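So the protein sequences, as listed, match chains A and Y. Going left to right, the first sequence walks through residues 1 to 654 as our numbering numbers them. Going left to right, the second sequence walks through residues 1 to 100 as our numbering numbers them. No residue lacks a Cβ here, since even glycine has one placed at the ideal position from N, Cα and C. Just so it is clear, the structure is predicted and the values come from calculations on it, not from any experiment.
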Amino acid sequence: MTQNPYLWLIPTLPLAGAAINGFLGRRSSKTAVTTIALVFPGLAFALALWIAFGFSSAAAPYGCHLAHWIRSGNFSADFSFYLDQLSLVMLLVVTGVGFLIHVYSVGYMAEDPSYYRFFTYLNLFMFFMLMLILANNYLVMFIGWEGVGLASYLLIGFWFTKDSAASAGKKAFIVNRIGDFGFLIALFLIIQHFGSLNFTEVFNKVQPLGAETSGAGLLTAIGILLMVGACGKSAQIPLYVWLPDAMEGPTPVSALIHAATMVTAGVYMVARSHVIFERAPIALTLVAIIGTLTALFAATIGITQTDIKKVLAYSTVSQLGYMFMACGVGAFSAGIFHLMTHAFFKGLLFLAAGSVIHAVGGEQDMRKMGGLRSYIPWTFLTMGIATLAIAGIPPFAGFWSKDEILWKAFSSEHGSWIYWLIGVITAFITSFYMFRLLFMTFFGDYQGAQVDAHGHGTHGHEQGVHGHGEPHESPAVMLVPLMILALLSVVGGLVGIGNGFEHFLAPVFGTSTETAAEGASHGTELLLMAVSVTVAVLGFLLAFVLYVSKPELPKKIAASLGSLYDAVLNKYYVDEIYAKVFVKPLVDGSTAVLWQGVDRKVIDDTVNNAADGARHVSDEVRHMQSGNLRSYAGWIAAGAAVVIAYMVWRGVGQ
Amino acid sequence: MVPLSYYLVLSGILFACGVLGFLIKRNIITIFMSIELMLNGVNLSFVAFAAHWHALAGQVFVFFVMVVAAAEAAVGLAIIISVYRTRETLNVDQVNLLKL
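And the structure:
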């Protein structure tokens, strides 16, 4: 391991920014807050770039020991950092996209009264995310893991005076807690059986163990528990419910935390633990199944949503499902590849959606948009590029990574044609709902003014954006990040040509086994590629027919589908089912047993009775303090008499 | 030669009278005098022991006690005067502001 003494600076810089803005931001000028908020993540990004340019695969992995932390017997966990090819990719994505979104937020949040608080949280998030990525042991990773959860909670509930935002924050936090529970138990198992949490040490001890093919064992248990943790953070079935609600936060937050970076932490963690998963085929299959189902499930919900951010949220869940599917079939590098391209185009989609919302004065309902392409051409252009990228149209970034995943799902030893088939269907749905979003928002006639005429008015869903008027293009500070991300969405996939990305990550994940067989099946690969491009184009055509040439058709189709359409529109009633099955029994049980039973009957009564007893005793005793000098003197004399009597008695006794 | 025990019994009686007077009497001046009585009861036992053991220390103690008692008398009488001026009574049962 090569030492790199600057590694610790990368997470610390945003922390410094958060601290300065957090403590002094309230009293500082807006310019000062902006400067601090941009300079520190910017420096972190610059440092990451500098390290990336000096990165040599021969010298990797790099390490950096900052401080001792826990030393207990043979167990130790230190504040140490670790950089290999995998964390380098994540590092560049997080600092790069993160910095761009910081810049964008300067424009987007410009009129928010809690400007400094927003950037404090955003910088804090960067700190924790970088801790998560650069950790060299599971415990430091867990700090980052919990920390990003905290930052996510704070930012979802950023407009906490709004009830829905506050409860969305709580929901995200609590649902994540379920996942963290699994993660923690996995860590305990690792400590118990391998005596360490250090990645290198644990993986060295796991390496000689055989794959648990005949049945479930220790590694399968650890794998499944880690997966539970990843499901929470990365919003997979059954813990995905928090992510759509998380859209209550400001749009840059949705872009940074709930699309580009934090939600990919689960994928990163699974990829990081690939040594364990590769030896636990049952856990791996479970990851693939969950990923595949989530991809399809969320995509179908995405079709019916009308809130522009909700569509993107379900799309994010669906794309994360793809990444899980890739990890589940053992194609970790494909998963990370999609993670990277997804960060570009989904970050861009959210930022562009933010620009749209900004343009129409806080409206998020796509039915009240339409025809915006002439008002906000730059947003339209960049969002169009992102849509092409996510739909999987070559040569945009999403095509390369999604195609890589689909090919691996079909061809890898853990793969199966079922994964591929569902993946392709999902790709079709993805293409359809993304173009639907594009057409509803930018084509046709503008619906906003018309609604105004009916006297409904457009209530600002998001505070901090100015009042309604003619849709207008966003300021340059918001458009430049959009353009940079659009550029990345176009060219970001090119690193995957000729398996370049996979070769780069090979030192981490090992060379995939089917490289030799690849030549023979090249024809199949091209065929599958053609199929996925075809379905993407079909999705586009369907969306075009339904939302541009025959806009009355969707309503008819919806009506003819009846209850099925209602089910999808209401997100398959999952939230309602959870509320009935988990939340209500929990609330009722806690009310009856914990609140009325334990809290009131045991704890409150103990305290109250103790206090009542003390008061009754003192009621009696306080009569001694009569103010009557002679009774005091009497007590003193009596006391002295008792003491003397005692001493005389003791003296006699001796 | 009067035996030591006589002095001690007398000293005990004086002290007991002092305690009794302190507890029973209501007039502050009388109470004050009872305190003096207790002090002098103790003084008597000091000098009795000093004579019996031929030790000078006991007599020195007595001087100390007398000096302190003199000082205390000065302060105490001042307080009594001030109490009388503010409350126009010397009955301790009526000087009971420090009760609950």
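Pairwise C-beta distances place the region 220-236 of chain A in contact with the region 259-271 of chain A, as three or more of them are shorter than 8 Å. Judged by pairs of C-beta atoms under 8 Å, the region 409-421 of chain A does not touch the region 386-393 of chain A, as fewer than three such pairs exist. With respect to chain Y, the C-beta atom of A/G651 has no partner C-beta closer than 9 Å.
Rounded to whole angstroms, A/Y108 and A/E248 show a C-alpha spacing of 15 Å.
Neighbours of A/N628 in chain Y, taken as residues whose beta carbon is under 9 Å from its own, are V92, D93, N96, K99 in chain order. Among the bridge pairs identified by DSSP, A/T2 is matched with A/Y62.
Here the alpha carbon of A/F344 sits roughly 15 Å from the alpha carbon of A/M323. A/A280 places its beta carbon 9 Å or farther from that of A/G354. Less than 9 Å separates the beta-carbon of A/W400 from that of A/G493. For A/T534, the closest alpha carbon among the candidates A/A48, A/D403, A/L132, A/G562 is that of A/D403. Judged by DSSP in its simplified three-state form, A/S214 adopts coil rather than helix or strand.
Contact annotation: in the region 1-32 of chain Y, residues whose CB is within less than 7 Å of a CB in chain A are V19, F22, L23. Put simply, the backbone Cα of A/I20 is about 22 Å away from that of A/I257.
Nearest to A/P554 by alpha-carbon distance, out of A/G347, A/Q305, A/L47, A/A614, is A/Q305. Counting C-beta pairs closer than 8 Å gives fewer than three between the region 19-27 of chain Y and the region 1-9 of chain Y, which falls short of the contact rule. In the three-state scheme derived from DSSP, where H, G and I count as helix and E and B as strand, Y/A48 is classed as helix.
Residue pairing from DSSP places A/I70 in a beta bridge opposite A/A77. Counting C-beta atoms within 10 angstroms of its own C-beta, A/D84 has 16 or more neighbours from the protein chains shown and is therefore classed as buried.
In this structure, DSSP gives A/Y82 an extended state, which the three-state scheme calls strand. Under the three-pair Cβ rule at 8 Å, the region 405-413 of chain A does not count as touching the region 496-509 of chain A. Contact between A/F118 and A/F158 holds, since their C-beta atoms are separated by about 6 Å, short of 8 Å. A/A135 has A/F81 as its beta-bridge partners, per DSSP. If you draw a straight line from the Cα of A/A298 to the Cα of A/P238, it comes to about 11 Å. Not a single CB atom of chain Y sits nearer than 9 Å to the CB of A/G639.
Y/N91 has Y/N27 as its beta-bridge partners, per DSSP. For A/D307, DSSP records a beta bridge to A/D365.
Per DSSP, reduced to three states, the secondary structure at A/N609 is helical. Assignment of A/N198 by DSSP, reduced to helix, strand and coil, places it in the strand class. The C-alpha of A/G42 is placed about 38 Å away from the C-alpha of A/T300. Here the region 139-159 of chain A does not lie against the region 52-59 of chain A, with fewer than 3 beta-carbon pairs under 8 Å apart.
A/M90 sits in a helix when the DSSP states are folded into three classes. For A/P475, no alpha helix (DSSP H) encloses it, and the DSSP letter there is neither H nor E. For A/W635, the closest of Y/F63, Y/E88, Y/V60, Y/F22 by C-alpha to C-alpha distance is Y/F22. Rounded to the nearest whole angstrom, the CA to CA distance from A/G22 to A/L150 is 15 Å. Look at the region 8-34 of chain A: it has no residue with a C-beta under 8 Å from a C-beta of chain Y.
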